Every structure is written in C-alpha cells, then in structure tokens.
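According to my numbering, the stretch in the sequence shown is residues 13 to 448, in order.
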Amino acid sequence: MKTTSLSAKIIFFSLTLLFTSFLMTPIVSQEADLSVILQRNDELNILTQSLETADLLSVLKLEGPFTIFAPNDQAFSKLPKRALENLLSDTDRLEEILLYHVINGLAVADDFVRLNQLGINEFKTLNKKNVEVSVNSEGVFINQNSNIIQTDILAPNGVVHIIDTILLPLESDSKKRKSDNTNTKIDEVRSLIQQAISLGVPLYNSGSYMACESIYRITLKAIETLTDGVTDNNLIKNAIREAESIDPKDGAWVLRYMLDDIYASTTNNSMLEAEKTMFDFSDKDNSDWYLLNDNVMGGVSKARVSKTAEKTMKFRGRLSLKNNGGFSSTRSQIPDFSLAGYDGLMLKIRGDGRYYSLLVSNQQRRGTWQTKFKTNKKWETVKVPFNKMQMSIRGWRPRSAPKIMGDGIKTIGFIIADKNEQPFELEVDWIKGYID
C-alpha cells in the first residue's frame, strides 16, 4: 500500500484545521456520567446488561476521560444466540471484550478525522490491545468492519460513539511487531514534534496564536495515542487543560514546553557522541555569524566578527554608553534539534580579561538564555550546562522563566555588556555540545 510521508500528512492536517468535520454535531450531557448515558439509551440495553455482569459500570463513573465504542442491541443480535449466551456467562472473556471497546482518553469524531490525516489510526484500549480507526467518505470505521452510526455523545467524563458491530481483539496485534513498533513510534513522535514546531512557529510569530496553539494541542493528542511508557500521558492532559484555561498566546507556550520535554525524553543519549562539534571555524565550517548591537535600540556601539588564518573566530569592537546603549553581540543559527540530548556547551576561548556571556535562543526568540564567564589571555575551556543558563529579555531576568533544553536551541552567540568603553576582543577556537 502506498504511504504518504509524515511531513506531507502534517502539512495536510494543518490545512484541514480550517475546515469543520463532516460528522454530526456533538450531543452534550453536562449532568450524566458515561454509565448513566449508556443506561438511559434504549438502543444499548444488552451492552448495559453486559457491563453490569462484568462489574464494569462503576469504572465508567470514574473521572476518565474515556472514549467508548458502544455496540447497540442490533450489533449484539448479529452474534449467534448460543455465542451470545456463552459470552454473557463467561465473565472473564466478557470483560476482555468490553474493555476492548474503551480508550483511555477523550477522542471525539473530529479528532479521529484529524489523526487519520496524520497517518495515525491505531489506539490502545483498556485491555491493552489496539483498535484501528479509519475514516473515509462513507464514515468512521473501527477495525474496518464496524461503523460508527452516532458520534460524540458527550459526558463530563468522556464520550460515547455508537457502533453497529461488536469489536473483537485483533489477534495479529503486536507480538511479532511489538519491538519494531516501539522504535517506529518513537521516531514518529519525534517527527511529529519537529513538524509541529516548524508549522507552529511562523504562525505564532505572525500573531496567529490560536492556530499555533491548535497545532501543538492536536499534536500532543496524537502523541498521547502513540506513546506507551515513553512519556507520562497525565502530563500531556494537564498541559492541554492548562492551555485551554488561558489566553492562546500563553497557551501555545505551555504546549510548546510540553513538546520540548517529550522530544528530550525520547532522545537516546547512548546513540549520541559524548561531544558534538557545532563550530570549529575551519575551511569546512560554513557558519554565518552576524552582529546584533545596541544600534537596534538607538545605541552606537561598534563591533566586527571574522575568521582568522589560525581557524578561529574573533569578535572585537568597542562599546558606547551613548543613547543608553552599551552592548554588542554576535550570533549564528544552527539546524533544528542539533543539540537534542546534549546537556550543555563547551567553549575553547581566550580574551582580554573581561566578562562575556554565552547566549542561546530558541525559534520563538522570546528572549535569550545566558551564562556569564570571564576570559584571560591564555586558551581555556569553559563548560556551560543548559540548566544553569538564565533567561534574559532585553536585560530583564524573569524569576519564573523556563529552562532552555538542547532540543529547542536554534541560535548560539556571545554578548558583552559590561559598561566598559575600552576596546574588547574575544577569540573562539571551537564550540561543542557535551553530554554529562
């Protein structure tokens, strides 16, 4: 079967966020929990009886949320009479099958549509086996043979979708593919995060905060279905809940930090080199370092940056305190996720005895994270752990600022702002990522 690249699927998915689902409008019950909704529905009598027999109705009173694929009475009638009687009398088998109809988490019909467009169609049920949900022009199908005939009956602790055929666990599910699937799903999670950030950042920077927040939220919902022991799904739920309670501009950041955390947790450090050269200023180093001085705020400090014949980089100039100025910096961008899994940066530097700061920033450029170091005239190696770097927004250091992680770093640079108007000079031999 021909497959579409994950990148293309995510791009297609982001466009479909602009359109509404063809599926019916949700029916909302704000008072009744899932167990009550099932008991009140005249088409679900046999299902309710089965849940009572298996002592599972009490589970559906819990906070959840749960997604239930509820077979109607007609679905049960498709079973031969003796088979149905045997099933209802075998409580262990009955419990196994009923739990196969419940997903831990809330997934309305529109979520299935969007996740299918991402290429995600398998969902783990409460009996630890997967159901396959597919969407086409004729509707939403479970395991290809059960049709959802009524969608989105909502309760405070979940949602019910009524189906026309009982679901039986797929025996082919997993033993032979379990190991490969684990690695594949981790790769898919990392790819999802990379593409979501690539799509979300331009939207956020252009002021489309709600669109950015939507992409991050749906991506996290997708990750929730893909991961099993890779990350704590309760953390995802909490992040989504927090983002929904605040302004989209801030909510997008809450979800972005969650994505960054998951990406870092799926990085296999044992596969990484202990040190990774980011810049060595050799002939093969095509990095482009640019200047960002106080001129952007009306200052008149001057600086220049250049590569030397000794294959080092020199950053030199003179600060000016005129017009409330007094800083100069040089910076260079790095490829996305270049430092994922790394704990910090090492620098081989020498200078003029003055204080400089190493700075890094992420793609959002909401500020920079900095660590100050003192130079001397001899070469020395300085080690800067990411978790010790402090956020700075135009000189202001928020008390509760988030920490920067390697996977989020997009820019590396140096800044001097010591209010000294004498000429300065910093020389850098190399910059490397390191793992503790």
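No residue lacks a Cβ here, since even glycine has one placed at the ideal position from N, Cα and C.
Keep in mind the model is a prediction, meaning the values are calculated, not measured.
Just how far apart, CA to CA, sit Gln162 and Asn148? 16 Å
Looking at C-beta atoms only, is the number of pairs between the segment 356-363 and the segment 298-317 that lie closer than 8 Å three or more? no
Beta carbon of Asp85 nearer than 7 Å to that of Glu64: no
So what's Ile178 in DSSP terms, helix, strand or just coil? coil
Between which two residues does the beta strand (DSSP E) harbouring Gly147 extend? The sequence as given places Val at residue 147; Gly does not occur at that position. Unbroken beta strand (DSSP E) run through Val147: 142-148.
For Leu438, count neighbouring C-beta atoms within 10 Å of its own C-beta (all shown protein chains included) and say buried if the count is 16 or more, exposed if not. buried
Whose CA, out of Asp297, Ala223, Leu100, lies closest to the CA of Gly263? Ala223
Cut-off 6 Å between Cβ atoms - residues of its own chain near Asn374, not counting five sequence neighbours on either side: Around Asn374: Gly420, Lys422.
Going by Cα to Cα distance, which pick from Trp381, Phe385, Lys395, Lys389 is closest to Trp408? Trp381
Phe291 in three-state terms, based on DSSP: strand
Nearest-angstrom Cα distance between Asn250 and Phe291? When rounded, the distance between both Cα atoms is 39 Å.
The beta strand (DSSP E) enclosing Thr79, as first and last residue numbers: 78-83
On a CA-only basis, which of Leu371, Asp45, Ile424, Leu46 is nearest Ile405? Give me that one, please. Leu371
So is Glu433 buried or exposed if we call it buried at 16+ other beta carbons inside 10 Å? Residue environment analysis places Glu433 among the exposed positions, since fewer than 16 neighbouring C-beta atoms fall within 10 angstroms of its C-beta.
Pop quiz: Leu271 and Leu232 are said to be a contact at Cβ under 8 Å. What is the actual Cβ separation, rounded to whole angstroms? 7 Å
When the distance is taken between beta carbons, is Leu110 closer than 7 Å to Leu68? Yes, Cβ-Cβ distance for Leu68 and Leu110 is below 7 Å.
Let me know if Pro214 comes out buried or exposed under the rule of 16 or more other beta-carbons within 10 Å of its beta-carbon. exposed
If we require 3 or more residues per run, which beta strand (DSSP E) segments fall completely within the segment 261-343? The segment 261-343 contains, as complete beta strand (DSSP E) runs of 3+ residues, the segments 287-291, 302-305, 314-319, 325-330 (chain order).
With a threshold of 6 Å (Cβ to nearest heavy atom), would Leu370 be considered close to the ligand NAD? Here there are no bound small molecules, and the ligand NAD is not part of this structure.
Exposed or buried, Gly329, counting other C-beta atoms within 10 Å across all chains shown (16 or more means buried)? buried
Could you pull the DSSP bridge partners for Lys422 from this structure? DSSP, once it has assigned bridges, lists no residue as partnering Lys422.
Please classify Asn116: does DSSP put it in a helix, a strand, or coil? Strand.
Looking at C-alpha atoms only, which residue of Val120, Ser344, Gly445, Asn159 is the closest neighbour of Pro397? Gly445
Let's see if you can read the secondary structure: which residues bound the alpha helix (DSSP H) around Val71? Neither: Val71 is in no alpha helix (DSSP H) and is coded neither H nor E.
Using the Cα positions of Arg52 and Tyr228, report the straight-line distance between them to the nearest angstrom. 37 Å
First through last residue of the beta strand (DSSP E) which encompasses Glu437: From DSSP, the beta strand (DSSP E) with Glu437 extends over 435-446.
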